[in-house]
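Residue numbers for the sequence shown follow the working numbering, beginning at 2 and rising by one. To start, the structure itself, in structure tokens.
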Amino acid sequence: MESSRIWTAALVVIGDEILSGRTQDKNVAQLAAWLNVQGIRLAEVRVVADREEAIVEAVNTLRARNDYLFTTGGIGPTHDDITVDAIAAALGVSVVHHPDALATLEAYYQTRGGMTEARARMARVPEGATLIENRVSGAPGIRWGNIFIMAGVPHITAGMLDRLTGTLEGGRPVVSRTIGCWVAESEVADLLRATEKAYADAEGGIAIGSYPFFREGRVGANFVVRSPDAAQVDACIADLTAALVATGREVTDGGI
2 MESSRIWTAA LVVIGDEILS GRTQDKNVAQ LAAWLNVQGI RLAEVRVVAD
52 REEAIVEAVN TLRARNDYLF TTGGIGPTHD DITVDAIAAA LGVSVVHHPD
102 ALATLEAYYQ TRGGMTEARA RMARVPEGAT LIENRVSGAP GIRWGNIFIM
152 AGVPHITAGM LDRLTGTLEG GRPVVSRTIG CWVAESEVAD LLRATEKAYA
202 DAEGGIAIGS YPFFREGRVG ANFVVRSPDA AQVDACIADL TAALVATGRE
252 VTDGGI
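What follows is the structure, given as structure tokens:
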């Protein structure tokens with residue numbers, strides 16, 4: 002059935018500053034959350050350096066096995082912003098100045114020092130692309146087929162995602178619930194596995210994520226149940242809670 006089809010997306014995070022640790026990426030979390038609401042799962046993420054061959058390889062690999070591909074970073078005005086050139090190379094198309102992007106940038110910079118050659122670089126797109134409106138800083142994002150080329154600055158990326166809301170085909174949104182328990186993850190691994198297996202035939206699937214932590218001098222874990230089917234999530238949470246309580250452990254709804 003089409004309703005049970007799982008739509009997936011991948012993300013390529015581009016930038017030497019991410020790999021060096023100078024900048025901490027925040028786009029993975031916000032893209033994953035946004036995609037869930039669109040009924041699309043973020044299936045994989047790759048972080049690559051500002052090297053054309055690395056970007057080309059990542060783009061061609063990930064777009065081939067996912068419904069959508071997003072990239073963040075490397076679309077600014079400086080010489081090392083090579084994302085557009087690399088993606089054009091991956092697609093086998095030329096790079097052109099998009100007339101609507103040029104007009105948008107000229108209007109934006111009219112009272113901000115005027116248009117320059119560097120600023121005009123932000124109007125460059127792979128030939129055949131359309132634009133994603135950017136209400137924050139003028140320079141638009143880019144869409145080419147199932148590829149979305151977006152800014153690296155998180156609040157600008159968030160604005161671009163807002164403009165895309167409701168425009169992508171997907172399945173049912175993924176819902177989740179969390180419970181927490183003061184228990185070592187290894188002590189309940191078999192219980193988690195058995196619970197997830199019991200729901201293996203649920204429409205859309207059930208996934209249980211285990212996230213251990215160490216606080217107040219003791220170990221614990223939060224368990225997150227995810228599925229497109231809210232009723233299945235509730236049922237799985239109830240069964241998992243009962244199983245943990247049966248072992249003598251106290252369970253905290255919503256997580257610890």
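Every residue, glycine too, gets a C-beta built ideally from N, C-alpha and C. None of the values given here were measured: they were computed from a predicted structure.
For residue i, write down the residues that DSSP places opposite it in a beta bridge.
i, result
"L245", "L245 pairs with nothing; no bridge assigned."
"M151", "T73"
"T9", "R42"
"T253", "G181"
"Y212", "N223"
Please state if the CB of residue j and the CB of residue i are separated by a distance shorter than 8 Å.
i, j, result
"A152", "G139", "no"
"P174", "N37", "yes"
"C237", "I257", "no"
"T84", "G74", "yes"
"P78", "M123", "yes"
Cutting at 6 Å between CB atoms, please list the residues of its own chain near residue i, excluding the five before and the five after it.
i, result
"V57", "A87, A90 and A91"
"R250", "C182 and V184"
"V176", "A231 and V234"
In chain order, what residues of the same chain have a beta carbon less than 8 Å from the beta carbon of residue i, not counting five sequence neighbours either side?
i, result
"L193", "I209, S211, F224 and L241"
Can you give me the Cβ contacts of residue i inside the same chain, cut-off strictly under 7 Å, excluding the 5 residues immediately before and after it?
i, result
"L43", "A10, L12, L32, A33 and L36"
Would DSSP call residue i helix, strand or coil?
i, result
"P127", "strand"
"V49", "strand"
"L132", "strand"
"G160", "helix"
"R122", "helix"
"V14", "strand"
"D240", "helix"
"A207", "The sequence given here places Ile at residue 207; Ala does not occur at that position. Of the three classes helix, strand and coil, the one that applies to I207 here is coil, per DSSP."
"S187", "helix"
"S21", "helix"
"I56", "helix"
Any contact between the stretch 105-121 and the stretch 58-71? By contact I mean 3 or more CB pairs, one from each, below 8 Å.
no
Subject >> the stretch 155-170 touching the stretch 108-118, judged by at least three CB pairs closer than 8 Å >> reply: no
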